[in-house]
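Protein chains in written order, with my numbering: chain A, 1 to 443; chain B, 444 to 932; chain C, 933 to 1181.
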Amino acid sequence: MADVTPMRTGAETALVDMFPAVKASLPGTAKVADARKAALERFQAVGLPHRRIEAWHYTDLRGLLREAAPIAPAPDASAIASVQSAGDPLGDIDGIRLTLVDGHLVPTLSALDRLPEGLEVTPLATALAKGHPLVDAHMGSIARAADDPLPALNAAFVSDGVVLRVVEGTALDEPIIVRNVLTGDTPAATFTRILLVVEEGASVTLVENHEAFGGVAHQGNSVVEILVGDRSQVEHVRVNARGGNGFDLSTLGVRLGEAATFRSVALAVSPAVTRHQIGVVFAGEGASLSVGGGALLNGSQHADTTLLVDHAVPHGVSRELFKHVLDGEATGVFQGKIVVRPDAQKTDGRMMSQAVLLDDGAAMNNKPELEIFADDVQCAHGATCGALDEDLLFYLRARGLPLPEAEALMLQAFVGEAMELIAHEGVRTVLEGVVESWLRARM
Amino acid sequence: MPAVQETVEKVRAIDVDQYKYGFSTDLEVDKAPVGLNEDIVRLISAKKNEPEWMLEWRLDAYRRWLTMREPTWARVSYPPIDFNGIHYYAAPKLNAAPKSLDEVDPAILETYKKLGIPLREQEILAGVQTSKVAVDAVFDSVSVVTTFKEELKKAGVIFCSISEAIREYPDLVRKYLGSVVPVTDNFYATLNTAVFTDGSFVYVPKGVRCPMELSTYFRINEKNTGQFERTLIIAEEGAYVSYLEGCTAPQRDENQLHAAVVELVALDDAEIKYSTVQNWYPGDAEGKGGVYNFVTKRGDCRGRNSKISWTQVETGSAITWKYPSCILRGEGSRGEFYSIAVSNGMQQVDSGTKMIHLGKNTTSRIISKGISAGRSQNTYRGQVSAHRKATGARNFTNCDSLLIGSACGAHTVPYMESKNASAVFEHEATTSKISEDQMFYCQQRGLSAEEATALIVNGFVKDVLQQLPMEFAVEAQKLISISLEGSVG
Amino acid sequence: MLEIRNLHVQIEDKKILNGLTLTVNDGEVAAIMGPNGSGKSTLSYVIAGKEDYEVLDGEILLDGQNLLEMEPDQRAAAGVFLAFQYPLEIPGVATMTFLKAAMNAQRKQRGEDELATPDFMKRVRAAADKLQIGQDMLKRALNVGFSGGEKKRMEILQMALLEPRFCILDETDSGLDIDALKIAADGVNALRGGERSFLVITHYQRLLNYIVPDSVHVMAAGKVVRSGGKELALELEANGYADYRSQAA
Chain A
1 MADVTPMRTG AETALVDMFP AVKASLPGTA KVADARKAAL ERFQAVGLPH RRIEAWHYTD
61 LRGLLREAAP IAPAPDASAI ASVQSAGDPL GDIDGIRLTL VDGHLVPTLS ALDRLPEGLE
121 VTPLATALAK GHPLVDAHMG SIARAADDPL PALNAAFVSD GVVLRVVEGT ALDEPIIVRN
181 VLTGDTPAAT FTRILLVVEE GASVTLVENH EAFGGVAHQG NSVVEILVGD RSQVEHVRVN
241 ARGGNGFDLS TLGVRLGEAA TFRSVALAVS PAVTRHQIGV VFAGEGASLS VGGGALLNGS
301 QHADTTLLVD HAVPHGVSRE LFKHVLDGEA TGVFQGKIVV RPDAQKTDGR MMSQAVLLDD
361 GAAMNNKPEL EIFADDVQCA HGATCGALDE DLLFYLRARG LPLPEAEALM LQAFVGEAME
421 LIAHEGVRTV LEGVVESWLR ARM
Chain B
444 MPAVQETVEK VRAIDVDQYK YGFSTDLEVD KAPVGLNEDI VRLISAKKNE PEWMLEWRLD
504 AYRRWLTMRE PTWARVSYPP IDFNGIHYYA APKLNAAPKS LDEVDPAILE TYKKLGIPLR
564 EQEILAGVQT SKVAVDAVFD SVSVVTTFKE ELKKAGVIFC SISEAIREYP DLVRKYLGSV
624 VPVTDNFYAT LNTAVFTDGS FVYVPKGVRC PMELSTYFRI NEKNTGQFER TLIIAEEGAY
684 VSYLEGCTAP QRDENQLHAA VVELVALDDA EIKYSTVQNW YPGDAEGKGG VYNFVTKRGD
744 CRGRNSKISW TQVETGSAIT WKYPSCILRG EGSRGEFYSI AVSNGMQQVD SGTKMIHLGK
804 NTTSRIISKG ISAGRSQNTY RGQVSAHRKA TGARNFTNCD SLLIGSACGA HTVPYMESKN
864 ASAVFEHEAT TSKISEDQMF YCQQRGLSAE EATALIVNGF VKDVLQQLPM EFAVEAQKLI
924 SISLEGSVG
Chain C
933 MLEIRNLHVQ IEDKKILNGL TLTVNDGEVA AIMGPNGSGK STLSYVIAGK EDYEVLDGEI
993 LLDGQNLLEM EPDQRAAAGV FLAFQYPLEI PGVATMTFLK AAMNAQRKQR GEDELATPDF
1053 MKRVRAAADK LQIGQDMLKR ALNVGFSGGE KKRMEILQMA LLEPRFCILD ETDSGLDIDA
1113 LKIAADGVNA LRGGERSFLV ITHYQRLLNY IVPDSVHVMA AGKVVRSGGK ELALELEANG
1173 YADYRSQAA
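Listed below in structure tokens is the structure:
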């Protein structure tokens, strides 16, 4: 019996139909245009993911995404002005700023002409239109369109973004801060992409800050691909904390070189639906990885972190720590898989996912997986789910803290453990502030 | 002699690839024609002298089964099964239903004797064994004998073959059969419903603590024969029963299909302890032959403060697809799952449990120990869920995997789904190999590499072995070491 | 008699022993002292047969038998006993089970009958009492949750029960307070006598106040650089290893 092909949903049809209408306006050479077409065909073949697809079991995007929003128009002067006047949540941090508004890099809000030595930045639209060696060599090779519908859709519709190159041996003192803002007052979709190539022995911090103004249900689909060169050190932080009642769909693909160090932390509090999917491949021996994340949700928010750590070579070390705080009728999802390939001896992998449910309407789905094909390894995962520790709450209250404050204190410590993975102090402080204000709003 | 050393002796005494239970018995056999259709279902029902309602139930299942597909989500792979290439009924020819052991074919008695299963009550009573065990012996498609029936009857306990129960206790069977595993639960359970041939039935009335261990011993003997047994155990209010099943099959080059369904029902304050020592023929070192063990086992903690505990030692079968589960419906009910799954050679294991917390203050505990050797793949797959009303639910899960050799795989796939803020789930899992330092330490004290491995593995699985009744724990310990034979290079 | 001749050993391409030569006569207690990293523990592991070490050259003979050609368990049966610096924990395996398995495995290798349970129990009790090891400790899983002192006493207990020909004590004093040290030393002293010989590896002289050696050897950079009587230990205590470090470099 053949599998019954499900009827295409309205959103699926809209996405497929949108392509011929917009493809002429999307940047790129003929080669890029072919790649877009192939990616769209790939999406067409599989459609939006649904719960029968194991990797999407707890996030039925087919059911959640009822309507596909039209692609956001390029920002006009007033849109750019609104971003300028809204202020930058990371404004206190000295950094190299690059700003995407409604899916397009805005040069006037970007430090393109005052870059430090050893850093090259090319607007992605330019790179696609004129050709770029790094794009040719790497784009789509880490977050592959063939693997999942999200990078497939992104590859088909991507409008802009940045290509970053950190030259061999360069240690960038200041973080690169990419602000990704949606301004329109009707729901719109953006497809943006960052390619970061960190050459041997270099070090850099990349911060992505996603914002959607005015509580509009925008639909963001972003892809970040990072090549972490041999012996280089990369830190990546992603935050979505302001406004927005829509979709934040993101794919992070990372390839680790020999003895490389990579750290990534994501924090989600804002969108209605978040899916953050992370794939890390250990391509060089002796690399080390730490990935963390937190989500603080209420109402009917839904946040899904899906992680695949692929130990393809020996002597890799990975640490994962994820925290969910779920209030109201929110749903948290953590799916984490550590794969150890047959030759990846001496792998050391540890993963932990913890959730606190604050309301009986909230739900948490945890699926930590180990897939081990090499014997000389140490791998472990743990998962916990429950309410706040009553004994500890009582202790705090006996010391004079009112219940909401006691709860907030405990939750701050709980989520704080994951935020502590961030090495950049200023960035960490901003994220801790986001957590704090979420907790204050709840009190 | 400590069990460890006895184990090592055994391992030494047998050749690689020699499955101790691999002999077959030559018998005159009454067999259904090969293949599956409604007539075969009718034939099985007729052979069993079943009432009409049972036949209808089977036919309904068969028709539904035709529309279903084999599950593909487990991490196992095998060539397509030809469901029309199997005999769905095979029974040793008997004059009539044997009234006593004297009427049972001596060749069958000899088979059980060789397997070490005591069937003669007087011998058991005269023997050195201190505790009594009642046995239901199922040979291919039929139950050949059930021991200690009379003594159990005095206590009010019914222990007989399911075929007999369908005839003798139709009200109990109708009330409970299919109430835990519905007809259309899954492909194999539905197939079982259509064609099951025998199995055990246990009923423990209110307030009765079953006076002895109950046990069923399953043996597949015939070639190209599927074994589809059905077991139903009911513990009424305040009752207690401990039940154990053992399984073996001859060494054959073809794969044999075994698709059983086990249903347990525990009412208020009742407790059922169900232990399995599964040692179906695993196939040879190259993966030829062996039993496909596709089994649905589920317990329903229907009553308040009821308890169901599954303990399994899985060493046999080419493929194991098995998830003994608990539905924790009654307030304060408890489910337990203790598992040792050993895979060697080309074996594939995908096993685990489901703990479904529906009621208030329900608790569950999962301890799983997986050991992979050779070129085998061993997966733990488990689900723990707390529904909206499962206030105060608690689960603790511990899954440890041990790898012996670099060509095998160990996988852990837990699903934890909580919809209640007061439910507390804790899960931990580890995967590692036997520590070289531990091995060296043991060897420095004079143990050989093989002895050291057996010792460390037995330590690794101890928490689960402790859950088995004493005499079976010793047997299981030996079995584990034998299964791992040849894995230390 | 244990004879080590011109022993060269490396681990993962790093040379640890560089032509070590040492003889321990029957009934002799030899102490090996030396700075950290001089190869003392490596020596004990190589005698006992740990896999990770690659012997490049040289030989180790126990009463003329070449130990290097034997598996660790065969060496144990031949009478080599190593009291580990860090005894291993074996979860789930009761100490009693382990002791019996080890004693009988060695007896079997030597072609002797296995011990009957009552005889075994009697021996264990007697030896345990001397070391102030309680019955509860024997019932627990081997070394799991034992304190440092308990683990070391458990090593001495095994030494007493296995009646080895040649004992190596690897930093047995590390992690012991003075009372525990005395109990352990008394245990060792009780085993002295006859042909049984000892190799006592220690960083500090302290242990040698309680287990008085017949000879003291100083190791540096993977070989014996000086040998003498027990007074050599006192000299080291006073002057430290500085001289030998520079000598080795």
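We put the beta carbon where it would ideally sit given N, CA and C, even for glycine.
Could you tell me whether the Cβ atoms of Thr659 of chain B and Gln699 of chain B are closer together than 8 Å?
-> Locating residue 659 of chain B in the second sequence gives position 216, counting from the first residue. Locating residue 699 of chain B in the second sequence gives position 256, counting from the first residue. 8 Å or more divides the Cβ of Thr659 of chain B from the Cβ of Gln699 of chain B.
Quick one, are the C-beta atoms of Leu1093 of chain C and Val1056 of chain C less than 8 Å apart?
-> Here the question's residue 1093 of chain C lines up with position 161 in the third sequence. Here the question's residue 1056 of chain C lines up with position 124 in the third sequence. Cβ atoms of Leu1093 of chain C and Val1056 of chain C: closer than 8 Å.
Can you tell me whether Glu495 of chain B is buried or exposed, with buried defined as 16 or more other CB within 10 angstroms of its CB?
-> Indexing the second sequence from 1 puts residue 495 of chain B at position 52. Exposed.
Whole runs of the beta strand (DSSP E) within the segment 219-284 of chain A, excluding any shorter than 3 residues = 219-228, 233-243, 247-256, 261-268 and 273-282
Cα-Cα, which of B:Trp723, B:Ala702 and B:Pro648 is closest to Ala709 of chain B?
-> As a working mapping, residue 709 of chain B is identified with position 266 in the second sequence. Here the closest residue by C-alpha is B:Pro648.
If you drop the 5 nearest sequence neighbours on each side, which residues of the same chain put their C-beta closer than 7 Å to that of Val651 of chain B?
-> On the second sequence, position 208 is the one that residue 651 of chain B refers to. Correct list, in chain order: Ala598, Gly599, Val600 and Ala682.
Inter-stretch contact at 8 Å, needing at least 3 Cβ pairs: the segment 859-869 of chain B / the segment 884-895 of chain B | no
Other residues of its chain near Ile751 of chain B: CB distance less than 6 Å, five sequence neighbours each side excluded = Taking the first residue of the second sequence as position 1, residue 751 of chain B is located at position 308. Result list for Ile751 of chain B: Leu707, Ala709, Ile715, Gly742, Cys744, Cys769 and Gly778, in chain order.
Using the beta-carbon count (16 or more within 10 Å), is Met7 of chain A buried or exposed?
-> To locate residue 7 of chain A, count along the first sequence from 1; it is residue 7. With fewer than 16 Cβ atoms within 10 Å of its Cβ, Met7 of chain A is classed as exposed.
Does the Cβ-Cβ distance between Ile1022 of chain C and Gly902 of chain B come in under 8 Å?
-> Here residue 1022 of chain C is taken as the residue at index 90 of the third sequence, counted from 1. Here residue 902 of chain B is taken as the residue at index 459 of the second sequence, counted from 1. It is a contact, given that the beta carbons lie within the stated cut-off.
Do you know how far the Cα of Arg428 of chain A is from the Cα of Gly292 of chain A?
-> The residue labelled residue 292 of chain A in the question sits at position 292 within the first sequence. The residue labelled residue 428 of chain A in the question sits at position 428 within the first sequence. Rounded to whole angstroms, Gly292 of chain A to Arg428 of chain A spans 12 Å at the Cα level.
Inter-residue Cα distance where the pair is Pro116 of chain A and Val204 of chain A | The sequence position of residue 116 of chain A within the first sequence is 116, counting from 1. The sequence position of residue 204 of chain A within the first sequence is 204, counting from 1. Near 12 Å, if we compare the C-alpha coordinates of Val204 of chain A and Pro116 of chain A.
If we cut at 8 Å on Cβ distances, does Val941 of chain C have a partner in chain B?
-> On the third sequence, position 9 is the one that residue 941 of chain C refers to. By this cut-off, Val941 of chain C is not an interface position.
Using the Cα positions of Ala533 of chain B and Asp473 of chain B, report the straight-line distance between them to the nearest angstrom.
-> Reading the second sequence from its first residue, position 90 is the one you call residue 533 of chain B. Reading the second sequence from its first residue, position 30 is the one you call residue 473 of chain B. Rounded to the nearest angstrom, the two C-alpha atoms are 6 Å apart.
Nearest-angstrom Cα separation, counted from Ala1034 of chain C out to Ala380 of chain A = Within the first sequence, residue 380 of chain A is the residue found at index 380, counting from 1. Within the third sequence, residue 1034 of chain C is the residue found at index 102, counting from 1. So the alpha carbons of these two residues sit roughly 32 Å apart.
Sheet register partners of Ile810 of chain B (DSSP bridge) = Along the second sequence, read from residue 1 onward, the residue named residue 810 of chain B stands at position 367. For Ile810 of chain B, which the question treats as bridged, DSSP gives the partners B:Tyr781 and B:Asn841.
From the DSSP output, in three-state form, read off Phe334 of chain A for me.
-> As a working note, residue 334 of chain A is residue 334 in the first sequence. Phe334 of chain A: strand per DSSP, three-state reduction.
Under 9 Å between beta-carbons, which chain B residues line up against Asp1005 of chain C? List them in chain order, please.
-> As a working mapping, residue 1005 of chain C is identified with position 73 in the third sequence. In chain order: Cys885, Gln886, Gln887, Arg888, Gly889, Leu890, Ser891, Ala892, Glu894 and Ala895.
The ligand SAM heavy atoms versus the CB of Ile1088 of chain C: any closer than 7 Å?
-> No copy of the ligand SAM occurs in the structure displayed, which carries no ligand at all.
Given that Lys367 of chain A touches chain B, what residues does it touch there, using C-beta distances under 8 Å?
-> Taking the first sequence and counting its residues from 1, the one referred to as residue 367 of chain A is at position 367. What Lys367 of chain A touches in chain B: Val856, Pro857, Tyr858 and Met859.
Which full runs of the beta strand (DSSP E) of 3+ residues lie inside the segment 846-882 of chain B, going along the chain?
-> 852-861 and 867-876
Min CB distance Lys803 of chain B to chain A below 8 Å = Residue mapping note: residue 803 of chain B aligns to position 360 of the second sequence, counting from 1. Lys803 of chain B does not count as touching chain A.
Would you mind listing the beta strand (DSSP E) stretches within the segment 736-805 of chain B that are 3+ residues and don't spill past its ends, in chain order?
-> Assignment of beta strand (DSSP E) within the segment 736-805 of chain B, counting only whole runs of 3 or more residues, yields 750-757, 762-765, 768-771, 777-786 and 791-800 in chain order.
For Gly382 of chain A, the nearest candidate out of A:Arg62, A:Arg319, A:Ala77 and A:Leu411 (CA to CA) = Counting from 1 along the first sequence, the entry for residue 382 of chain A is found at position 382. Of the residues A:Arg62, A:Arg319, A:Ala77 and A:Leu411, the one whose Cα lies closest to the Cα of Gly382 of chain A is A:Arg319.
Got a sec? Which residues, its chain only, sit under 7 Å from Arg242 of chain A by beta carbon, not counting five neighbours each side?
-> For this step, residue 242 of chain A is matched to residue 242 along the first sequence. Answer for Arg242 of chain A: Pro89, Glu211 and Ser270, listed in chain order.
For Leu227 of chain A versus Arg255 of chain A, is the C-beta spacing smaller than 8 Å?
-> In the first sequence, counting from the first residue as 1, residue 227 of chain A sits at position 227. In the first sequence, counting from the first residue as 1, residue 255 of chain A sits at position 255. Cβ distance < 8 Å, so Leu227 of chain A and Arg255 of chain A count as in contact.
Supposed close pair Thr674 of chain B, Ala504 of chain B - CB separation, criterion 8 Å = Mapped onto the second sequence, residue 674 of chain B falls at position 231. Mapped onto the second sequence, residue 504 of chain B falls at position 61. About 17 Å separates the two Cβ atoms, so there is no contact after all.
Could you confirm whether any beta carbon from chain B is found closer than 8 Å to the beta carbon of Arg442 of chain A?
-> Indexing the first sequence from 1 puts residue 442 of chain A at position 442. For Arg442 of chain A, the answer is no, since every Cβ of chain B falls outside 8 Å of its Cβ.
So the beta strand (DSSP E) Asp160 of chain A belongs to, where does it begin and stop?
-> As a first step, residue 160 of chain A must be located in the first sequence, where it is residue number 160. Residues Asp160 to Val166.
Any idea what DSSP makes of Ile1133 of chain C, helix, strand or coil?
-> In the third sequence, counting from the first residue as 1, residue 1133 of chain C sits at position 201. Looking at Ile1133 of chain C - three-state DSSP - the assignment turns out to be strand.
Is the Cβ-Cβ distance between His1239 of chain C and Ile964 of chain C less than 8 Å?
-> Chain C is shown from 933 up to 1181; residue 1239 of chain C falls before or after that span and cannot be answered.
Who are the neighbours of Asp375 of chain A on chain B, taking C-beta pairs under 8 Å?
-> Here residue 375 of chain A corresponds to residue number 375 of the first sequence, with the count starting at 1. Leu846, Ile847, Gly848, Ser849, Cys851 and Lys876, listed in chain order.
Could you work out which residues of chain B lie near Pro342 of chain A, taking near to mean beta carbons separated by less than 9 Å?
-> To locate residue 342 of chain A, count along the first sequence from 1; it is residue 342. Going along chain B in sequence order, the residues near Pro342 of chain A (Cβ under 9 Å) are Ser849, Ala850 and Gly852.
Which partner residues of Leu98 of chain A appear in the DSSP bridge assignment?
-> Here residue 98 of chain A is taken as the residue at index 98 of the first sequence, counted from 1. Paired residue(s): A:Val178.
Is there at least one Cβ from chain B nearer than 8 Å to Ala387 of chain A's Cβ?
-> Mapped onto the first sequence, residue 387 of chain A falls at position 387. Ala387 of chain A counts as touching chain B.
Taking Leu109 of chain A and Val121 of chain A to be in contact with their CB atoms under 8 Å, please state how far apart those CB atoms are, rounded to whole angstroms.
-> Here residue 109 of chain A refers to the residue found at position 109 when the first sequence is read from its first residue. Here residue 121 of chain A refers to the residue found at position 121 when the first sequence is read from its first residue. Contact doesn't hold; Cβ gap of about 13 Å is too wide.
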